[in-house]
Amino acid sequence: MWVSADRERCISGGRCMAATSEVFDQDEDGIVVVLTSNPAPEQEDRVRKAAYLCPSRAIRIGDGPAGG
Amino acid sequence: MTEAPPYPQKRTCPYEPPAGYREIGERGPVLKVTLFDGREAWMVTGYRESREILTHPNLSSQRTHPGFPIVAPRFRSQIARTLALIAMDPPVHDVYRRYLNPHFSLKAVRRMRPEIERIVAGFVDRIVEHGPPADLVPLLAVPLPSLVICRHLGVPYDDHDFFQDASGKVMLGTEEESATAAQDLFDYIDRLVAEQIKNPSDGLLGTLVRERVVTGDIGHDELVSIALVLLIAAHETTSSSLALGVITLLEHPEQLALLHGEPDRLPGAVEELLRYIATTDLVATRVAKGDIEIAGHLIREGEGVLVSGTLANRDAAVHRRADELDLLREDSHHLTFGFGIHQCLGQNLARLELEVAFKELFGRLPGIRLAAPVGELPILGAGTVQRVLELPVEW
């Protein structure tokens, strides 16, 4: 699985970081930071949840090693 | 076609949808409703459809638009129509939101936990000192969010009686009360901002003076508008969610028992409570600034659009056993904070206040129970924030 985040769309809701802080963080401006663009298999459900809950639809996910 | 049903309707149980919403839900996911002034507006009741429309580029928050739906008389006032962020569309909305995001991010809010724990412990101390029966509205639900937001903004808490009273009237008063209270609050904040610009304090208002006013990004009037929205939004919603959350837990003792000695279950329980009680009832009031096609309906430019959190949160197409409170639900999600770019700025602060308050209250008073039948608790607020005026408990 690959994951990326559009920092322009982010509104700092923090739902992604609440779902998994191993994959998502916030910088000092409150904007999303993706810590790893290829999350471990055991993180995949949480990353899907993060993408679903993101209010500004800033998170993109897909199958395979890279994308975006 | 049957007549558009009236909206909003008043709850008879603080945490259950009014009986009349069943028909509205059955006629959803998109239908027309009749507002108090006789005008009609589109209402979205489906969870998926709500998410879709709340991220649609043609949905506008411009409250000065002649087609903007007014759900209660108090929303006719000029101040209600020009609120910062809430009544703004991109790109201006996004600029303001970015000024505030750093100060309400999940990371920033997590740093506030120790202080919120101290504040909550202090209020629960006073409840214990007071002894049973105690009314949790004035002893916890109202002052907790008030003190937290005053500390965060750097606003003197000495004035909290005034804030609580004024923000309550703005949200829930009659049209005249609401307009007068909004003006009083506006005048007060106007003076406060002038002082902060001269001599900025350590709180968020002082920080915004240093980060945004000194730099010329915004002026006095814009900061007043921002402060007004933060104060009003922080007070009623969190206060009401706390009171309704306590009532819901006390009325579901088998669910409450699941939390005993299990603090890790609290964040999930808070999400489920937010879904179930849908404090805000209406999570979005909007106008279409262009045509919107949704669920086979065509919403035309200039028509009003409402989104019902109460119904979307219990949409059986998305939520399993939608009408059942299940604090251990792992997939609980809701629209209580809205969705899209306007989703609640203070959502993580609200979650933290609720979590800490439930933990302290039920931890310190394990025998707590309602001191009056739930059906006798006075309820206020159809269509926006659902509030109980009294919450007597004993233990």
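Note that the protein sequences, when read in sequence, are chains A and B. Going by the working numbering, the first sequence opens with residue 46, and the numbers climb by one from there. Going by the working numbering, the second sequence opens with residue 18, and the numbers climb by one from there. A virtual CB, placed ideally from N, CA and C, is assigned to each residue, including glycine.
CB contact flag (B:T401, B:A89, <8 Å) | A contact, by the Cβ cut-off of 8 Å.
Answer yes or no: do B:L222 and B:G171 have a C-beta to C-beta separation smaller than 8 Å?
-> Yes. Within cutoff.
Please work out which residues of its chain come closer than 6 Å, Cβ to Cβ, to B:F356, disregarding the five sequence neighbours upstream and downstream, and give them in chain order.
-> Its chain contains R68 and L71 as the residues whose beta carbon lies nearer than 6 Å to that of B:F356, once the 5 sequence neighbours on both sides are disregarded; these appear in chain order.
Going by DSSP, what residues sit across from A:G107 in a beta bridge?
-> Per DSSP, A:W47.
Roughly how many angstroms lie between the CA atoms of A:M62 and B:P284, to the nearest whole one?
-> The straight-line gap from Cα to Cα measures roughly 14 Å.
Please work out which residues of its chain come closer than 6 Å, Cβ to Cβ, to B:N216, disregarding the five sequence neighbours upstream and downstream, and give them in chain order.
-> Result list for B:N216: empty, nothing under 6 Å.
Looking at C-alpha atoms only, which residue of B:T81, B:V61 and B:L362 is the closest neighbour of B:S306?
-> Going by the sequence as given, residue 306 of chain B is Lys instead of Ser. For B:K306, the nearest C-alpha among the options comes from B:T81.
Who are the Cβ neighbours of A:G107 in its own chain at under 6 Å, not counting the five residues just before and after it?
-> The answer, listed in chain order, is W47.
Give a yes or no on contact between the region 53–61 of chain B and the region 322–330 of chain B, applying the rule of three or more CB pairs nearer than 8 Å.
-> With contact defined as three or more Cβ pairs closer than 8 Å, the region 53–61 of chain B and the region 322–330 of chain B are in contact.
Using the DSSP secondary-structure output, state which residues sit across from B:K49 in a beta bridge.
-> Bridge partners of B:K49: B:W59.
From which residue to which residue does the alpha helix (DSSP H) around B:T265 run?
-> Here the alpha helix (DSSP H) through B:T265 covers H237 to L267.
Rounded to a whole number of angstroms, what is the C-alpha to C-alpha distance between B:Q26 and B:L48?
-> Going by C-alpha positions, B:Q26 is about 16 Å away from B:L48.
Any chance the region 127–134 of chain B sits against the region 369–381 of chain B, with 3 or more Cβ pairs inside 8 Å?
-> These segments touch.
Which of helix, strand or coil DSSP assigns to B:Q403 = Correct three-state label for B:Q403: coil.
Among all the DSSP beta bridges, which residues are the ones paired with B:L153?
-> In the DSSP output, where bridge partners are listed per residue, B:L153 has none listed.
What are the boundary residues of the alpha helix (DSSP H) that B:V322 is part of?
-> First-last for B:V322: G321 to S325, but that is the beta strand (DSSP E), not the alpha helix (DSSP H).
Report the residue from B:P74, B:I214 and B:G45 whose alpha carbon sits nearest the alpha carbon of B:G313.
-> Checking every option, the nearest Cα to that of B:G313 belongs to B:G45.
Coarse secondary structure for A:L98, derived from DSSP in three states | If DSSP states are grouped into helix, strand and coil, A:L98 belongs with the helices.
Could you name the residues of chain B that A:A64 contacts, counting a contact when the two beta carbons are closer than 9 Å?
-> Within 9 Å Cβ-Cβ: nothing; A:A64 doesn't reach chain B, min ~11 Å.
Which residues in the same chain as B:V241 place their Cβ atom closer than 6 Å to its Cβ, once the five residues preceding and following it in sequence are excluded?
-> If we look at B:V241 and ignore the five residues flanking it on each side, its Cβ neighbours are I206, D207 and V210.
B:I166 versus B:V159 - alpha carbon distance = Distance from the CA atom of B:I166 to the CA atom of B:V159, rounded to whole angstroms, is 12 Å.
Contact list for B:S122 against chain E, beta-carbon separation under 7 Å = Looking for chain E here will not work: the only protein chains present are A and B.
Who pairs with A:Q71 in a beta bridge, going by DSSP?
-> DSSP output for A:Q71 lists A:V77 as bridge partner(s).
What is the residue span of the beta strand (DSSP E) that B:V300 lies within?
-> The continuous beta strand (DSSP E) containing B:V300 extends over residues L299 to A305.
Does any residue of chain B bring its CB to less than 8 Å from the CB of A:R102?
-> Taking 8 Å as the threshold, the shortest C-beta distance from A:R102 to chain B falls below it.
Using Cβ-Cβ distances below 9 Å, what residues of the region 360–389 of chain B are close to chain A?
-> Cβ contacts with chain A come from Q360, C361, L362, Q364, N365 and R368.
Just mark B:R227 as buried or exposed, buried being the case when its beta carbon has 16 or more other beta carbons within 10 Å.
-> Exposed, because fewer than 16 other Cβ atoms sit within 10 Å of the Cβ of B:R227.
Exposed or buried, which one is B:F121 when buried takes at least 16 other CB atoms within 10 Å?
-> So B:F121 counts as buried.
Any C-beta of chain A sitting closer than 8 Å to the C-beta of B:A125?
-> So, interface residue.
Please name the residues in the region 341–358 of chain B whose beta-carbon is closer than 9 Å to at least one beta-carbon of chain A, in chain order.
-> Within the region 341–358 of chain B, the residues whose Cβ lies closer than 9 Å to some Cβ of chain A are D348, H350, F354, G355, F356, G357 and I358, listed in chain order.
Any beta strand (DSSP E) of 3 or more consecutive residues that is wholly inside the region 339–383 of chain B = Runs found: none.
Take B:E271 as the anchor and find which of B:L323, B:P34, B:D343 and B:D308 has the nearest alpha-carbon.
-> Per the Cα distances, B:D343.
For B:G326 and chain A, any beta-carbon pair shorter than 8 Å?
-> Contact of B:G326 with chain A is not assigned, every C-beta pair being separated by 8 Å or more.
Verify whether the separation of the beta carbon atoms of B:A244 and B:I96 is less than 8 Å.
-> The Cβ atoms of B:A244 and B:I96 lie no closer than 8 Å to each other.
For B:V410, the residue or residues it bridges with in DSSP | Checking the DSSP bridge columns, you'll see B:V410 partnered with B:A151 and B:L387.
Take B:G55 as the anchor and find which of B:Y24, B:V109, B:S218 and B:E146 has the nearest alpha-carbon.
-> Checked all of B:Y24, B:V109, B:S218 and B:E146; the closest Cα to B:G55 is B:Y24.
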